[in-house]
Each structure stands twice: as C-alpha cells, then as structure tokens.
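Below is one structure, written out as structure tokens; the observations come after it.
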Amino acid sequence: MTNSRLLLDIDDALVSDSSPARTDGRGLDYERCARLHNYLVAYGWMAHHQRSADDLDELLACPTFFERQRDDSEVLRQRLDAGLISYLDSIIMPDTGISYWVENVEVIPADELFFIEENGLYDKERFVILYGSWFEHGGHRVGLVYDQQRHQVAMTLYQENIDSVSPVEEHLDMWFPLETMLTNWIYMLRIGKVAAGPERVSNDEEPEAADQLGPWMWQPYSLAQVDSTVAAIEKLSAAIEARMPSGSLLPVLHDTPLLTHADLDAASVPKNCFIRSVLTKVKTPRFKHIASGLEVPHDAARFIARQ
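According to our numbering, the sequence shown is numbered sequentially starting from 40.
In structure tokens form, the structure reads like this:
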C-alpha cells in the first residue's frame, strides 16, 4: 500500500500521448492502475465525507480485497491472473463507489456471460467482472469486465448491452487497458463533467442540477466543454474567413458575441444550459452560412421568431 501523502500525486501515472498505456502483452500494469484506482477512492472519500488529505491515513488502514472476510478468497486467487491478484492486493476498497459508472470491486467470474468466446487459459476464467455497476443504472447489472487473456477491460453496465463488446475480435475498439479507463474517469473529474461531494438533499424549490450516485455527480456540461467548443467553432470560423475574398466578409465588430442573454431569454432558451453558454461566448462569424443550408443567426429577431 502507498504512502498517504502520495495518494493524490498521480499525474505521471495518467495515460497520455507521452505516457501511453501498456500494449506489449506483458499483462496488467497493476502498479500504475492501483495508483489511479486509489486516487479515485481517495478523491471520492474526501469529497463524500468532507475530509482533507491529512485524514488519508485512516483510509489506508482499511482492509484490502483479500484481507476482508471472504469464504472464497483462496479459491478465487487460483482463478485469477497473477497481475490481477497483485492489483487487488494493492488497491483501497471504496466505501462510497469508485466512479459514477461503477460502485464496488466485485471480482466475479463471468465466462457464462461471454459464452461465445474461446478461453485459452488453463484452469482460469477468461472474463471477470472487476467492478460492478450501480444498481441505479438499471438492467441486469454487469459493470467493468476484465479479459484475463488479453489484459483489457470493457464497460458493459448491464447484460443487455454485452453484444456491444462481444465477440471481442469484432469489437476491439471497445476494449482498453485498465489504466486507460481509469485515466478517462479522472479526466472527467478534471474537466468538471463529473463532480464529487457529500450526498445532497433535493427539494422542489431547488431541483438537482445533476444525477448523483454515492459521491459522484454527472453534470449536464462543464465549463471546460464550453471553452473547448467555443475554441473549435472560432477555429473553424477563422479557417473559413481566411479562404473568403476580403470584400465578402461581413462588417462585424471584433469580439461581438453571436447572441446575447437578452436574445436567448426572448427565445425561451433555458437559463443554465450548454447552448446558452456557447452562443453568448463565441465570436460572431463574418459570413452568412457555416455550411450548405446551415445559416449563422446574425438576425436576432429572426432567430427568436423561429424558436
């Protein structure tokens, strides 16, 4: 188990272009994955219980997967890949859910769910449900499935969508190294698409802005998504304007937003929504059509009348 002060220091473990996931077939990169898992557990635990990093020693004192009282621990060890066993010996067990998509560390053999797949492993199941999905997601729960033969994972929240990841050879784009999946969950936190906090009490006067499972809240959108969308639109606009004759460009004032909040109020656009945030931040293009049949709403009154 790691030092509590290092639990939140995981930037060098995140998957990136300069630090790609393991794809050499040497098995699960369990040390890297354990750091990412433990970061998520610590992040959710601190947010849910309103604790600080100084309290993380308490979290580290919790029993690991095989230290918990289980009648099947020794039998289960014999059915798991060595890298997966090392991973389970290195991770902190979550008490509030590991992410918005999955709740607990399950470790349930699942070959019967993937009965059409060939198993080249001796005396071991090929597929294991590593994390179980939240009951609230509905359906016959599954979760994050680990392929012990290929050392990759796929997200299938419930049995009804297993055919989106199997047969594996026909759905390779749906299977990823575990460190890639964990990095994606952390990325969602960092851009604000997922947030974490104590359990909220909703009321009719203040409706919830996001769905919450344990400490994890799914946000309708994030400011980072707004900014990246605005940047992409303005990059496209600049590319189009650069290819137009200068005399054909519309006389638009620099930094004028495409529409104002007053325009969107008149058009009955919701107060807090993604499209309002984008339209009031993006600069007005200096052309009439962004593509064939797609008109830029330069005339606010006409835009309002069309809603």
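No residue lacks a Cβ here, since even glycine has one placed at the ideal position from N, Cα and C. These numbers were taken from a predicted model, which means no experiment stands behind them.
For residue i, the nearest candidate out of the options (CA to CA)
{"i": "arginine 345", "options": "Ala270, Arg90, Val308", "result": "Val308"}
{"i": "arginine 44", "options": "Met213, Tyr82, His190", "result": "Tyr82"}
{"i": "leucine 217", "options": "Phe153, Asn42, Leu289, Gly64", "result": "Gly64"}
{"i": "threonine 222", "options": "Asp186, Arg239, Val192", "result": "Val192"}
{"i": "aspartate 186", "options": "Gln258, Gly286, Phe104, Val204", "result": "Val204"}
{"i": "proline 59", "options": "Phe215, Thr319, Pro206, Tyr161", "result": "Phe215"}
{"i": "asparagine 77", "options": "Met256, Asp48, Leu183", "result": "Asp48"}
{"i": "leucine 152", "options": "Asp134, Met227, Val181, Gly136", "result": "Val181"}
{"i": "histidine 176", "options": "Glu142, Ala149, Lys163, Asp56", "result": "Glu142"}
{"i": "alanine 330", "options": "Ala235, Arg71, Ile279, Val269", "result": "Ile279"}
{"i": "threonine 103", "options": "Val335, Gln188, Arg189, Ile124", "result": "Ile124"}
{"i": "serine 261", "options": "Phe166, Phe313, Leu183", "result": "Phe313"}
{"i": "glutamine 188", "options": "Ile201, Val167, Glu199", "result": "Val167"}
{"i": "valine 269", "options": "Arg107, Asp294, Met220, Pro254", "result": "Asp294"}
{"i": "glutamate 97", "options": "Leu303, Asp111, Ile131, Arg107", "result": "Ile131"}
{"i": "histidine 11", "options": "Asn200, Gly159, Phe174, Ile201", "result": "No statement about residue 11 is possible, as the shown extent of the chain runs from 40 to 346 and does not include it."}
CA-to-CA distance, residue j to residue i, given in whole angstroms
{"i": "asparagine 311", "j": "alanine 277", "result": "28 Å"}
{"i": "alanine 35", "j": "serine 129", "result": "With the chain covering only 40 through 346, there is no way to say anything about residue 35."}
{"i": "isoleucine 147", "j": "proline 237", "result": "29 Å"}
{"i": "serine 138", "j": "phenylalanine 326", "result": "44 Å"}
{"i": "aspartate 250", "j": "valine 144", "result": "22 Å"}
{"i": "alanine 271", "j": "lysine 232", "result": "18 Å"}
{"i": "glutamate 245", "j": "proline 259", "result": "Its pLDDT being 48, under 50, glutamate 245 is placed unreliably in this model, and the coordinates cannot settle the point."}
{"i": "leucine 95", "j": "arginine 229", "result": "20 Å"}
{"i": "leucine 298", "j": "leucine 292", "result": "13 Å"}
{"i": "histidine 88", "j": "glycine 332", "result": "52 Å"}
{"i": "threonine 12", "j": "serine 287", "result": "Residue 12 is absent from the model: the chain starts at 40 and stops at 346."}
{"i": "proline 296", "j": "leucine 318", "result": "7 Å"}
{"i": "proline 290", "j": "alanine 52", "result": "49 Å"}
{"i": "arginine 74", "j": "leucine 46", "result": "7 Å"}
{"i": "serine 285", "j": "serine 55", "result": "41 Å"}
{"i": "serine 57", "j": "glycine 66", "result": "20 Å"}
{"i": "arginine 61", "j": "arginine 71", "result": "10 Å"}
{"i": "glutamate 273", "j": "valine 321", "result": "7 Å"}
{"i": "serine 267", "j": "aspartate 120", "result": "41 Å"}
{"i": "serine 316", "j": "glycine 122", "result": "46 Å"}
Proximity below 9 Å, CB of residue i to CB of residue j
{"i": "threonine 323", "j": "histidine 300", "result": "no"}
{"i": "phenylalanine 105", "j": "arginine 116", "result": "yes"}
{"i": "alanine 347", "j": "isoleucine 343", "result": "Given that the chain is displayed from residue 40 to residue 346, the structure contains no residue 347 and the question cannot be resolved."}
{"i": "serine 172", "j": "tryptophan 140", "result": "yes"}
{"i": "valine 207", "j": "glutamate 156", "result": "yes"}
{"i": "leucine 79", "j": "proline 133", "result": "yes"}
{"i": "glycine 178", "j": "tyrosine 197", "result": "yes"}
{"i": "alanine 149", "j": "valine 184", "result": "yes"}
CB-CB length for residue i against residue j, believed under 8 Å
{"i": "tyrosine 126", "j": "tyrosine 69", "result": "4 Å"}
{"i": "leucine 252", "j": "glycine 136", "result": "6 Å"}
{"i": "alanine 235", "j": "alanine 86", "result": "4 Å"}
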